Amino acid sequence: MIEISFSQNFYRKLKNIKRRNPELFKKINSQLLLFAENPRHPSLRHHKLKGKLQNSWSISVTKSFRLIYMVDEEYYFFDLGFHSEIYK
């Protein structure tokens with residue numbers, strides 16, 4: 126399995142989602158488990174970002190919800206949210 130870490134911001138947002146939207150939380154968990162097994166799985170709709178997030182990557186949880194990460198020696202997830210929030 127690959128090395129994955131998370132920012133405090135990511136954890137904070139995830140905690141709020143768990144409380145407010147348990148169904149979305151389950152989908153996020155599922156996608157993270159799939160990512161840990163195969164970061165290039167087609168259902169993740171994995172893609173490199175541009176602009177201010179040009180050194181980052183995104184995977185999809187739903188049609189409009191994204192998990193954002195960077196790659197160095199490990200996969201570092203630092204943000205999550207709806208497409209319209211993340212890409213402002």
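Its first residue numbered 126, the sequence shown is counted upward by one per residue in the working numbering.
The C-beta atom is built at its ideal place from N, Cα and C for all residues, glycine as well.
Note that this is a predicted model, so its numbers are computed, not measured.
**Item:** Close Cβ partners of R170 (< 6 Å) along its chain, the five nearest in sequence each way excluded
**Value:** S185
**Prompt:** So P164 and Y200 are in contact, right, with Cβ under 8 Å, and what is the actual spacing, rounded?
**Reply:** About 7 Å separates the beta carbons of P164 and Y200, which is inside the 8 Å limit, making them a contact pair.
**Item:** Residues bridged to F150 (per DSSP)
**Value:** Answer is none; F150 lacks a bridge partner.
**Request:** Give the DSSP-derived three-state secondary structure of L174 in the structure shown.
**Result:** Of the three classes helix, strand and coil, the one that applies to L174 here is coil, per DSSP.
**Asked** Distance, Cα to Cα, K152 vs S189?
**Response** 13 Å
**Prompt:** Within 10 angstroms of its Cβ, does L139 collect 16 or more other Cβ (buried), or is it exposed?
**Reply:** Buried, because 16 or more other Cβ atoms sit within 10 Å of the Cβ of L139.
**Prompt:** What is the DSSP secondary structure of R191, reduced to helix, strand or coil?
**Reply:** strand
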